[in-house]
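Each remark here refers to the structure printed beneath this line.
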Amino acid sequence: MAANRPRVGSFSRNLSSSPAAVSQIPGLKHGPNGTMFLSSGIPDLDKILGGGFALGSLVMVMEDSEAPHHMLLLRNFMSQGLVHRQPLIYASPAKDPRGFLGTLSNPMSSKDDKSRVHDTEQEKGLRIAWQYKKYFGEHNSESQRDGKSECCSDFDLRKPLERHVFSGQHIDCVSLRNSADLATFHERCSSFLCQIPRNNGNITSGRIAIQSLCSPQCEYSNEEWEMLSFLRSLKSVLRLSNAVAIITYPPTLISTTFSEKAAAFG
């Protein structure tokens with residue numbers, strides 16, 4: 014007589030990557046249904062997004078010359094990655110894109126500053142539903158008990174990122190100025206992403222930051238189908254990697270059709 018074996022449901026829980034294991038990976042946060050997040054570098058934005066940017070995401074951001082919030086997002090996204098020692102590719106139409114690294118912000122020097130800011134916000138009478146307040150409180154207490162580095166830092170916009178943060182890191186800066194097409198850059202991104210594939214044994218994550226993809230300084234800026242093909246290929250490779258890409262673009266320099274299709278990639 015065959016031994017009785019316990020019945021296993023069709024939707025059994027996958028325990029291969031537990032929250033405890035993910036919490037040991039610098040800069041990664043565990044979300045629902047096994048989702049893992051990279052921080053945007055802006056605490057409030059991470060809360061709105063439910064934890065940050067999901068691994069494998071391609072984020073398209075429209076630039077606004079009158080309110081350059083896209084630059085703050087780009088800088089904090091890059092700074093957060095460097096603080097967690099995550100590989101980074103930064104591309105822009107500037108002649109010397111490496112100079113942009115000097116504009117990145119440094120994390121606040123003391124955790125007391127952060128706690129003081131949170132205390133001030135609580136004293137302003139912000140009313141949060143009890144369930145959500147309890148949820149955030151439990152997760153904050155867990156991170157404090159673990160004593161591990163936080164996924165999202167508070168950055169001091171007045172202080173540049175310290176030089177020692179750059180030492181020994183994989184930082185690839187690419188100039189897109191005068192580029193006839195995006196084929197070479199696409200190969201560079203693919204090679205970068207192949208080094209951080211998505212599998213259970215990989216504990217590395219990376220970031221790609223591209224500023225002003227459609228800038229007129231780039232020869233390919235008139236080839237909208239060239240850029241759409243690049244976005245489509247990049248997104249397909251990102252889905253198989255432990256990385257997130259943020260791309261900013263000026264909507265006033267491109268057609269409405271391209272802007273709508275580019276937004277669909279995000």
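One point on numbering: in the working numbering, the residue at position 175 of the sequence shown is 188, and numbering is uninterrupted.
From the three backbone atoms N, C-alpha and C, an ideal C-beta is built for every residue, glycine too.
Asked, Found
"The beta strand (DSSP E) that contains Val74, what's its start and end?", "71 to 75"
"Could you please give me the residues that DSSP links to Val187 through a beta bridge?", "Ala104"
"Is DSSP giving Thr270 helix, strand or coil here?", "helix"
"Alpha carbon to alpha carbon, what distance is there between Gly64 and Cys231?", "35 angstroms"
"Glu155 by DSSP, collapsed to three states: which one?", "For Glu155, the predicted structure reports a pLDDT of 42, less than 50, and the residue's modelled location is therefore unreliable. A value from the coordinates is still provided. Looking at Glu155 - three-state DSSP - the assignment turns out to be helix."
"Under 8 angstroms, do Leu58 and Leu51 count as touching if we go by C-beta distance?", "no"
"Could you tell me which residues DSSP puts in a beta bridge with Phe50?", "Lys42, Ala67"
"Taking the alpha carbon of Ser166 as the point to measure from, which residue in Ile61, Asn119, Ser234 has its own alpha carbon closest?", "Asn119"
"Using C-beta distances below 6 angstroms, list every residue in its chain close to Thr48, excluding the 5 sequence neighbours before and after it, in chain order.", "Ala67"
"Have a look at Lys108 and Ser188 and give me their C-alpha separation to the nearest angstrom.", "6 angstroms"
"Under 8 angstroms, with one C-beta from each stretch per pair, do the region 95 to 109 and the region 184 to 198 reach the 3-pair mark?", "yes"
"What's the gap between the Cα of Ala275 and the Cα of His43?", "28 angstroms"
"Work out the CA separation of Gly94 and Arg220 for me, nearest whole Å.", "7 angstroms"
"Tell me whether the beta-carbon of Ala258 lies closer than 8 angstroms to the beta-carbon of Val72.", "yes"
"Which residue wins for smallest C-alpha separation from Glu79, given the options Thr269, Phe271, Pro263, Ile267?", "Pro263"
"I think Leu117 touches Leu62, with their Cβ atoms under 8 angstroms apart; what is that distance to the nearest whole Å?", "Their Cβ separation, rounded to whole angstroms, is 21 angstroms, which puts Leu117 and Leu62 out of contact at 8 angstroms."
"Please give me, in chain order, every unbroken run of the beta strand (DSSP E) with length at least 3 that falls completely inside the region 228 to 270.", "256 to 262"
"If you measure between the beta carbons of Thr261 and His83, is that distance less than 8 angstroms?", "yes"
"For Ser92, which three-state DSSP category applies?", "helix"
"Nearest by alpha-carbon distance to Arg88: which of Gly54, Ala193, Cys164 is it?", "Gly54"
"I'd like the span of the alpha helix (DSSP H) that includes Pro173, first residue to last.", "It is not in any alpha helix (DSSP H) - Pro173 instead sits in the beta strand (DSSP E) that spans 168 to 173."
"Pick helix, strand or coil for Pro56, following the three-state DSSP scheme.", "helix"
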